[in-house]
Structures are given as structure tokens and as C-alpha cells.
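Residue numbers (our numbering): 3 to 640.
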């Protein structure tokens, strides 16, 4: 069979409605049940009304600790004329005790005065006082629960009281997840060859199934072979209620899913007008839904959430929940294609009376974007993007309280910021999110009011000093202060053993050296240019000078993986990846903060962590730092 390479561009809402409508037509949403113990029914949905088999209570019971009496013998009791009851006129009872028929009232123990073998009471009792009648809670034949009611802890207690030990609930749909790809390997393999990829999407989708009440059924990895994928689908279609094929949904030479769906059932949609997630496949095989999700993690998550979640919840008679939505101001401009709904994951923080949204990396393969995201916004079809400062609607993935307890650091990258974030959360429950845009980018963000503080290390060519002149230039007329976080070693990161014998900046001009640079505006780039100028080295003589990465760990990883030979970076990054390091300079890495923010309790807690012994201990362990000025104000506006 020839491969279908045409991909549609169906609007999202149309594709969602078409998928649901087709499933309704084949009766997919007709509910089926299974009987389970009541004690295992937490979170499940009742299939039918549940009728009490026994009254609760099923006997006349005391509602209090005290004495059971015949009410009419107490009618004359008053404070001025107490009466005494002999032992045979009352019965001592505890809450829940059976009340024999000769008694019709209970007097609380607090209102009874014991005198030898009798009791004295000063207040008359009335019939059925503090007595629970049969069926006060439930009567045999009462409806304990309606159909399609979610079972919680209170319902479980009521069911047990009504003598219900087993209950028929809506069956959980079983979702067969088939990962495909010759390049995929299972996790846990310490040695991976170039081109091999850890198969993690199926585990992510399995977790989402569990969140939505479904039962994931993950299959073994299937190679990119049409017949093998077809047989994998056939092997699960009878037992599964829903089938997911991971990857193989685009129009690549080894993407077979759409043709398999056409052969075995009905292909409803191939291609939706979203970014990411365009090559999604929606089909029906044996009256059961099949989704082909793209191979990139963010695309897979989005497609699965947009199409599988509503279907799986409807299959369980559970309403699709609406996430909390807030209005936030976008921190920077985002361009978008006019023809698609584009989904953007964002970080969020509350700052100066409003929520700010910080767009995360838009690459469809960036799994950490999902880990970091606080919410998601959509740039609708027909809109070219979102401008900086423009209000947008964000669907939250985290509680609003988390956003209110978030600090933002935009600026240069350093591993000490990650340690600071961890200790700040452990000590105070505060979250610190960081965006690595370089020192100059951090100062501009501070000027625009988009960050609580900025990490900077900017060397002044003329004075040889760090940071002060740049802060004055980028924050004209504003008050500011610099708090030293660390002094750190900068040097050349090279492969273990330094096989190319790189000892100086002069060496990186050699023909056999591939250099990896930091981005323009970063402090490390400025330091490199300063040292090149000082030593009379022409940057045009460096192969790779215009190749840029955005963090110290990124350039170290490039050296580690033989994507380059040398990079300028910090010692701790070289050590983290077991690389060698040729020291060249020590620099001051400072936090630039506006003084009016120092009164913020969150900033006070930040400073207390910086000055703590635990922070110093962690920094010492990674090496390459000098903490002699850490936590001190080293400079401020005048």
C-alpha cells in the first residue's frame, strides 16, 4: 500500500467536534460497568442508583453518654425540686448503645448527679430526647446514591452503613499505548549510541491516563515497520478501549499510522491547525478511537490532552473540568503563524500588582518546558502574535498561591542560582524561576519591571571592573544596589586530558580547534572579547566564534559530546561534566536589585539563604567559587 503524505490543516474545534460526533455515532460512549468492593471505589462513578439494604441506625440508639429513662418519671424535676431515681429506674448508656423498649429518653451525663446507688436530676426529660430512631440516617429502600455520581469518602461511609459492600461502577477505559520507532530504546541504558532516543512519551501519556481515571496499557517498543505496527494495533484492539500510537503520524518515509488506520478502520482527521501537534491522527477501528500522536514530547502531550482527555472523561461520565484562568501581561513579544492555533507554555509570577507571563522554549522536543510550565496560553488563528505588555488569558496548571510566592531572576546563568532556588524552596516554600538571557538582557528586564533581580557579570573594558558602569548605563536615573552572590573562575573548558593541549586564548585560533561561543550580551562573551583585545587576538581567526549557546552547561555539553573542542565558561560547569579546565580569570557575579524591593519579605528571605552556611556548603562542594563577599552589598547608586 502506498504511503499517504498529504496532511490536512483542520481547525482544532472542528476536529474535536468531528471526533466526538463520530464516536457517538458508533455508540462508543454507551456506558459499561464493573462490580468492585465499596472500599475500592474512591473516585469511581456509580453506574446505577444504589438502594440501601439496611436502615441506619437499624435499632433505637442513644445519641449521648448518660442514662436512659422513662420520660414521664422525670416530669416534676426542677432545680429547686430535684428528684431521685433508683437504680432500677434508669440504665447507664454510652453513645450508640441500644435503648431497650422500656425507656424513651436519654439524659446527658453532664445533667446527672450520682448519689450512691441512685441518681439525682434537676431537669425534666422529654420523650425521645437524645435518642436516634431507626433509619434516622437511612431507611431500607432509600436511594443512597444516584446514577453517575462520583464516589468519595462520605459516600463510601454511607454505602457501608446501608449494608452495601459491592457496587457497580462505570468501567475505567483501558488505553493501549504503542511506542514506535527504530531509534527508540528503553530507559535505564547507561550507554547510548548517537541517534538512539530514550522512549519516554508512552510513560508520560500513561501518567496522564491515570490522572484522567483511565488504565494505561503500555506495549513494547515497535520498530518502524508497517506490518509490525499493524500487528501491534491488531493485538490490542479487542482488549483496549482506546488505542494510542506514539509517533509515526507525520508524512515521513517511516510514518505508517495513517495508512494502517485507513486499512483497519476509518481515518477521520490527519493534520490539525495547531502548533505544536499539526500531524495528529484521529481514527476509529472496531468502533474504538485511535489517536496517532507526534513524536516530539510537547506535541504528544498537547494532542493527547486536546483529544484523548475529553473522550476518556466522557467515557467515564465525568465532566471535563475547566482550569482556572487568569489574565497576565506577556513579558516579551511572540510572533505566530496566522493559520494555526499556537499553544505557548509559560511561567508566571506576581509582580507590582499584576501577573507577568514568561514564554518558555517553544521547541516541540523540549520536555523541560512541560516541567517548568505554570500554564498555557493560545494565540488563535488569524492573530500574528502577542505583543510585549499585551494582556492574555492563561489556563493555570498550578495553584495561584504558587505564583504569588514566586521570585524571578532574569539575567546571566550560573549554577549557584539553581542551588539558591532549591534552598529557598526548602527553607521558605518560595519558588525561584530563572531565565537565562545574558547579563545585558537581565538589566533590560529589570528596567522594564519584569524581574525581581538580575544576575550579572559585565566587565568594563576601560576600568577592568565589573558591573557598575553597565548598571548606570542601563538603569539611568534609577536607584540600584549590587549584592555579590559569588566570585567565580572563568576559563577554557576542554576535553578530559586536554588532548589538543589548549593553554591560552592564542591556542583557540589554531586551524584544528572548534570553538563554541556564548551569546552576544552575555558577560562571558564580553570577557572573551576583552581578553582577545588585551592579547591582540583577532576574533575572525577563531573558528566557531559566531556559533552561540546560552548557558555555561550548554557550552560544556557541546565540548563533552564532541560538538566542539573549546569554550569559555566557569569551572563548575567543566567539573559537572568531567571536563578539564584552564583558568584565565576571576569575575564577580552579582545580583542587581532595586532598593525599594529589599523591603519585600521574599527578598529578605532570599538574602538570608545567600548568607546561610548551607548555601556556602553547597557552593564549596561544586568548586570554582570564592565566597568572601557573598551576601554583601558591593556597590549601589549614589
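Glycine included, C-beta positions come from ideal geometry on N, C-alpha and C.
From a predicted model like this one, the values you see are computed outputs, not experimental measurements.
- By a C-beta neighbour count over all protein chains shown, 10 Å radius and 16 as the cutoff for buried, is residue 414 buried or exposed? buried
Closest to residue 314 by CA distance: which of 281, 277, 173 is it?
173
Hey, quick one: how far does the beta strand (DSSP E) through residue 179 stretch, first residue to last?
176 to 181
Please state the DSSP three-state secondary structure of residue 227. coil
(request) Pull up the distance between the alpha-carbon of residue 456 and that of residue 214, whole angstroms please. (result) 40 Å
Exercise. Name the residue from 128, 98, 93, 103 whose alpha carbon lies nearest to the alpha carbon of residue 121.
Key: 93
What is the DSSP secondary structure of residue 205, reduced to helix, strand or coil? helix
Can we say the segment 16 to 34 touches the segment 62 to 69, given the rule of at least three CB pairs closer than 8 Å? no
>> Would residue 330 and residue 357 be called neighbours here (beta carbons separated by less than 7 Å)?
In response: yes
Give a yes or no on contact between the segment 376 to 385 and the segment 330 to 344, applying the rule of three or more CB pairs nearer than 8 Å. yes
Please state whether DSSP places residue 643 in a helix, a strand or coil. Residue 643 lies beyond the residue range present for the chain, which begins at 3 and ends at 640; the question has no answer from this structure.
So which of 617, 273, 417, 180 has the shortest CA-CA distance to residue 242?
180
* Can you tell me the Cβ-Cβ gap for residue 554 and residue 421, rounded? I've got them flagged as a contact below 8 Å. => Actually they do not touch by this definition, with Cβ atoms about 14 Å apart.
Exercise. Output yes or no for whether 7 Å exceeds the beta carbon distance between residue 47 and residue 150.
Key: yes
Checklist line | Cβ-based neighbour list, residue 354, same chain, cut-off 8 Å, excluding 5 preceding and 5 following | finding: 451
Note to self: Could you pull the DSSP bridge partners for residue 306 from this structure?
What the structure shows: Bridge partners of residue 306: none, in fact.
Return the residue from the list 234, 290, 220, 83 that minimises the CA-CA distance to residue 25.
290
Practice item. Inspect the beta-carbon positions of residue 518 and residue 566 and report whether they are closer than 7 Å. Key: yes
With a 10 Å radius around its C-beta and 16 neighbouring C-beta atoms as the bar for buried, classify residue 501 as buried or exposed.
exposed
Note down the Cα distance separating residue 310 from residue 393, rounded to an integer number of angstroms. 30 Å
Review point. Cα separation between residue 561 and residue 576?
Key: 9 Å
Review point. Are at least three pairs of beta-carbons, each pair with one atom in the segment 582 to 594 and one in the segment 484 to 497, less than 8 Å apart?
Key: yes
### Message
Does residue 194 come out as helix, strand or coil in the three-state DSSP assignment?
### Response
coil
query: Which residue or residues does DSSP assign as beta-bridge partners of residue 564?
result: None; residue 564 has no bridge partner.
Discussion item. Counting C-beta neighbours from all protein chains within 10 Å, is the total for residue 469 16 or more, i.e. buried, or is it exposed?
Written reply: buried
Taking residue 270 and residue 21 to be in contact with their CB atoms under 8 Å, please state how far apart those CB atoms are, rounded to whole angstroms.
6 Å
Which listed residue (637, 361, 87) has its alpha carbon closest to that of residue 74
87
Can you give me the C-alpha to C-alpha distance between residue 630 and residue 426, rounded to a whole angstrom? 21 Å
Could you tell me if residue 4 is buried or exposed, where buried requires 16 or more neighbouring beta carbons within 10 angstroms of its beta carbon?
At residue 4 the pLDDT is 39, less than 50, meaning the model places this residue with poor confidence; the figure from the coordinates comes in the next sentence. Result: exposed.
_With 16 other Cβ atoms within 10 Å as the buried cut-off, status of residue 79_ = buried
Are there 16 or more other CB atoms within 10 angstroms of the CB of residue 281, so buried, or fewer, so exposed?
buried
| query | Near residue 51, what residues of its chain come up, given a Cβ to Cβ distance below 8 Å and the 5 sequence neighbours on each side ignored? | reply | 145, 147, 148, 149
Q | Distance between residue 391 and residue 520 (C-alpha atoms, nearest Å) | A | 28 Å
Between the CA atoms of residue 225 and residue 235 - distance to the nearest angstrom: 13 Å
Open item on the list: I'd like to check one pair, residue 624 with residue 574: are the Cβ atoms closer than 7 Å?
Closed with: yes
Check your understanding: Identify the residues that DSSP records as bridge partners of residue 127: which are they?
Key -> In DSSP, residue 127 forms no bridge with anything.
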